[in-house]
Amino acid sequence: MRVSRRNFMKWAPGMAAIGVLRSGPLYATRGIPRIVVAGGGFAGLNFAHALKQLAPAADIIVIEQNPRYVRCPGSNQVIAGFKPMESLTHQPALGLVRQGIRFLQGRITGMDADQRILHLEDGSRVGFDRLIAAPGIDFFWDKIEGYGKSQSLKVPHAWQAGPQTQLLHDQLAALPEGGLFMMTVPANPYRCPPGPYERASLIAARLQRVNPRAKILILDAKTKFSKEKGFKAAWTSLYPGMIEWISFETEGEIDHVDVESRTVTTAFNRYRADVLNVIPPQKAGKLAETLGLTDETGWCPVDPVTFTSLKIPHVHVIGDATRYGAVPKSAFAAQTEARACALVIALSILETPPPEPRLINHCYSLVSPERAISVTGVYGVKKGALPEALSVMESSPESDQHLEFAQAMDWYELLIRSTFEAP
Amino acid sequence: MSLLCFPVLAGASSDREKARALTVGCLGCHGTSGEGQGTLPPLKTLDRETFIQRFQAYTLEDKTGSVMHRIARGYTAQEIRLMADFLATGSLP
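From first to last, the protein sequence lines are chains A and B.
The first sequence begins at 13 in this note's numbering and counts up one residue at a time.
The second sequence begins at 388 in this note's numbering and counts up one residue at a time.
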């Protein structure tokens, strides 16, 4: 079987609307098109490994600006002092190179979409036949008055792991006796919907040991939240009277934040914290904007079956940056999307039309250092529409939270292995 | 380019690739080669009949105790058979 240059891109949905600029591979080696992955997080790395697994001869390059990746999953345990910072840090290049995937450290500054060339900060250029963009998230720095990027150096968001994780950890470790830790949570969509409540749970577990009179206050832009029943039951039984959750429905939205006094002013009230954590509203990572992949929502619209960008031809977008129907933004969902997209790309090289993807998001949250709850969603694409939930269920109240914790640790292990080590 | 470059996809057929697409979601908890991990059982060693039997039992049982009880509700009987056929051929890498 031969891949015809003429036909390689033919089936790709979204192309009809945009118009095929150049149909054949421009950067093929021995007839095999070059696949470039922009972004080395959960989506990008799982894509590269999955494609290599399906198509060992594929020519794959991963471009990522940071040689070390500090992961968000698990970072709440570090913030609460149950795990060391080093446990979050990985070197993606090691696993990639072992699998014969090229790793290029560099920052992408632009793209010639017609010639399919990426421009890097150091002046080098990388051509691609297909680009898989996995840009992750960034923040809207102009939506909360008084809380911009420079203010986050004083009052952390800790919603991208790294120095921010350490900062919040250090501030919490110095929380005065009987002090108040306050967190603001944005409206949907944002990365890791249950993450803020896991964070509150683990911090409560820590404070209960070292500072039992301390309090936690969550100011939430939502009226309900992921795994709400499970979290609230755990808070009542494990940390009675410690965690208070307030919805903006009763409180009014945040009017402004003052990082000097760590004060949040809402429409009706003013709250002053000893340690403040502001999780800002989010959008696709900066790279998505640089490449022109975002729409007015700040996220990247994609074809439901092929993840093809609806903005730029020959580019696919996966992970948190996408506007992908009912599928939540989580590392687990990202690795499922990555694997589905790898199948699409491998089949496209063989000129086989891709089947409709079926995705799973299965996500554990720790409610204490020994207990976990979970949410499980199966998502399907039907008749070309964005994915819908076919089944979404949370742990039942009688579920064994210690067993779920053991499963969560194995689940982490698999996620880390498939992302950073190899298949 | 020869299919030798794509041993995993050799003999790609629409049913097989449909089944492969259905199993993509399973790999996050059962390993990228279906190898399993600790409390998360391997898929590789499950025979076809056992797979179908267990999966269908999950959809019928009126409880949601385990993760699979929740997941199973996202697949039709036909899809369960497709996945079982696919896994029985040892097609996971």
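C-beta atoms are modelled at their ideal positions from N, C-alpha and C, and glycine is treated no differently.
These numbers come from a predicted model, not from an experiment.
| Asked | Found |
| --- | --- |
| For A/GLN172, return the contacting residues in chain B, with the cut-off set at a CB-CB distance below 7 Å. | Going along chain B, no residue has its Cβ under 7 Å from A/GLN172, so there is no contact; the nearest lies around 22 Å. |
| In chain B, which residues lie less than 8 Å from A/PHE344 when you measure between Cβ atoms? | GLY415 |
| I'd like to know whether the C-beta of A/ARG370 is nearer than 8 Å to at least one C-beta of chain B. | yes |
| Where does the unbroken beta strand (DSSP E) through A/MET405 begin, and where does it stop? | 400-406 |
| Closer than 6 Å by C-beta to A/PRO205: which residues in its own chain qualify, once you throw out the five before and the five after it? Chain order, please. | SER238, PRO340 |
| Please list the residues of the segment 401-433 of chain A that have a C-beta atom closer than 9 Å to any C-beta atom in chain B, keeping them in chain order. | ALA401, LEU402, SER403, VAL404, MET405, GLU406, SER407, SER408, GLU410, SER411, ASP412, LEU415, GLU416, ALA418, GLN419, MET421, ASP422, TRP423, GLU425, LEU426, LEU427, ARG429, SER430 |
| Considering only their Cβ atoms, is the gap separating A/GLY337 from A/LYS323 smaller than 8 Å? | no |
| Evaluate A/PRO79 with the Cβ neighbour count: other Cβ atoms within 10 Å of its Cβ, from every protein chain shown; 16 or more gives buried, anything less gives exposed. | exposed |
| I need the straight-line Cα distance from A/ARG34 to A/GLU157, nearest angstrom please. | At A/ARG34, the pLDDT of 43 sits below 50, so the modelled position is not reliable; the number obtained from the coordinates is stated separately. Taking the straight line joining both Cα atoms gives about 46 Å. |
| In or out: A/GLU308 buried (at least 16 other Cβ within 10 Å) or exposed? | exposed |
| For a contact meaning CB atoms closer than 7 Å, what does A/ARG351 contact in chain B? | VAL411, LEU414 |
| Of all the options A/TRP153, A/VAL314, A/VAL74, A/ALA384, which has the alpha carbon lying nearest to the alpha carbon of A/LEU132? | A/VAL74 |
| Ends of the alpha helix (DSSP H) at A/ALA444? | Look at the range of chain A in this structure, 13 to 435, and you will see that residue 444 of chain A is not part of it. |
| Just verifying my parser: in three-state terms, what is the DSSP assignment at A/LYS227? | strand |
| Going by C-alpha to C-alpha distance, which of A/ARG383, A/VAL290, A/LYS161, A/GLN347 sits closest to A/LEU63? | A/GLN347 |
| If we cut at 8 Å on Cβ distances, does B/GLU404 have a partner in chain A? | yes |
| Just to confirm the assignment, what range does the beta strand (DSSP E) spanning A/LEU288 have? | 287-290 |
| With distances taken Cα to Cα, identify the nearest neighbour of A/PRO188 among A/PRO96, A/VAL287, A/GLY396, A/VAL49. | A/VAL287 |
| Suppose you measure from the CA of A/HIS328 to the CA of A/PRO147; what does that come to, to the nearest Å? | 11 Å |
| Compare the C-beta of A/LEU179 with all C-beta atoms of chain B and state if any pair is closer than 8 Å. | no |
| Is the CB of B/ALA471 under 8 Å away from at least one CB in chain A? | no |
| Given B/MET470, which residues of its chain have a CB within under 6 Å of its CB, disregarding the five upstream and five downstream residues? | ALA406, LEU409, THR410 |
| Rounded to whole angstroms, what's the CA-CA distance from A/GLU400 to A/PRO316? Just pull it up for me. | 10 Å |
| Taking A/ALA217 as the reference, give the member of A/VAL167, A/ASP150, A/GLY93, A/PHE115 with the closest Cα. | A/GLY93 |
| In chain order, what residues of the same chain have a beta carbon less than 6 Å from the beta carbon of A/ASP150, not counting five sequence neighbours either side? | LYS295, GLY297, LYS298 |
| Helix, strand or coil for A/ARG34 per DSSP? | For A/ARG34, the predicted model reports a pLDDT of 43, less than 50, meaning its position is unreliable and no value from the coordinates is stated. |
| Do A/ALA209 and A/PHE243 have their C-beta atoms closer together than 8 Å? | Position check: residue 209 of chain A holds Tyr in this sequence, whereas Ala was assumed. Yes, the Cβ-Cβ distance between A/TYR209 and A/PHE243 is below 8 Å. |
| To the nearest angstrom, report how far apart B/PRO394 and A/ALA69 are at their CA atoms. | 10 Å |
| Find out if the Cβ-Cβ distance for the pair A/MET194, A/TYR251 is shorter than 8 Å. | no |
| Sort A/GLY36, A/LEU355, A/SER87 by Cα distance to A/ASN58 and report the nearest one. | A/LEU355 |
| Using the C-alpha atoms, what's the distance from B/PHE442 back to B/ARG460? | 9 Å |
| Select from A/ARG137, A/ARG370, A/LYS236, A/GLY56 the residue whose C-alpha is nearest the C-alpha of A/ASN200. | A/LYS236 |
| Go ahead and pull the three-state DSSP assignment for A/ALA333. | coil |
| Does any residue of chain B bring its CB to less than 8 Å from the CB of A/SER386? | yes |
| According to DSSP, is B/ASP472 helix, strand or coil? | helix |
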